[in-house]
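Trainee: Residue numbers (the numbering used here): 1 to 152. Every residue, glycine too, gets a C-beta built ideally from N, C-alpha and C.
#1: May I have the straight-line CA-CA distance separating residue 83 from residue 77, to the nearest angstrom?
#2: What's the gap between the Cα of residue 38 and the Cα of residue 8?
#3: Measure the alpha-carbon distance for residue 28 versus residue 59 and round it to whole angstroms.
#4: Does DSSP put residue 109 in a helix, in a strand, or in coil?
#5: State buried or exposed for residue 109, treating a residue as buried only when at least 16 other CB atoms are found within 10 Å of its CB.
#6: Using a Cβ-Cβ distance cut-off of 9 Å, determine whether residue 138 contacts chain C.
#7: Can you give, in chain order, each stretch of the beta strand (DSSP E) that sits fully within the stretch 92 to 152 and has at least 3 residues?
#8: For the alpha helix (DSSP H) holding residue 18, just list the boundary residues, first then last.
#9: I think residue 41 touches residue 87, with their Cβ atoms under 8 Å apart; what is that distance to the nearest whole Å?
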């Protein structure tokens with residue numbers, strides 16, 4: 001016999017996984033913003049922008065008799081950060097002869113972090129965070145309505 005309560009809180013788990021992933025993404029964006037002015041030269045590479053790569057989490061779920069067999073299906077389990085990768089776009093080069101990182105020609109390599117791209121990422125993170133919170137609130141409301149209907 002299967003547990004009738006199994007999976008009741010899966011919606012909270014999925015939304016919580018989204019919140020955790022966005023929190024990690026916001027930490028990477030904050031790191032990018034904090035290091036965007038680190039320069040370098042041919043011997044010492046400047047700060048390279050980091051990006052977050054997400055992956056979908058899947059869980060094994062067994063199908064019941066109504067599902068048409070004893071096989072196993074994949075069920076959604078949310079999202080997670082698969083890795084933090086480096087943006088391989090080229091570094092901008094500036095002419096600043098008096099800079100400590102300037103080469104013999106006065107060229108300095110700057111970070112490939114762009115302020116506006118990071119600000120747009122922060123807006124997207126905020127919207128994703130809000131969407132996950134809304135999903136949690138909606139799921140909570142659905143569970144509360146189900147409990148109310150079972151009582152009456």
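Mentor: Looking at the coordinates:
#1: By one-based count along the chain shown, residue 83 stands at place 83. By one-based count along the chain shown, residue 77 stands at place 77. Taking the straight line joining both Cα atoms gives about 18 Å.
#2: As a working note, residue 38 is residue 38 in the chain shown. As a working note, residue 8 is residue 8 in the chain shown. Their Cα atoms are separated by approximately 48 Å.
#3: For the purposes of this step, residue 28 is identified with residue 28 of the chain shown, where counting begins at 1. For the purposes of this step, residue 59 is identified with residue 59 of the chain shown, where counting begins at 1. Using only the alpha carbons, I get a separation of about 27 Å.
#4: By one-based count along the chain shown, residue 109 stands at place 109. The answer is strand: DSSP assigns residue 109 an E or B state.
#5: In the chain shown, residue 109 corresponds to position 109, counting from 1. Label assigned to residue 109: buried.
#6: Although the question refers to chain C, the structure presented lacks it and comprises just one protein chain.
#7: Within the stretch 92 to 152, the complete beta strand (DSSP E) runs of at least 3 residues are 93 to 95 and 107 to 109.
#8: Within the chain shown, residue 18 is the residue found at index 18, counting from 1. For residue 18, the enclosing alpha helix (DSSP H) stretches over residues 10 to 34.
#9: Residue numbering aside, residue 41 sits at position 41 when the chain shown is read from its first letter. Residue numbering aside, residue 87 sits at position 87 when the chain shown is read from its first letter. The Cβ separation is near 19 Å, so there is no contact.
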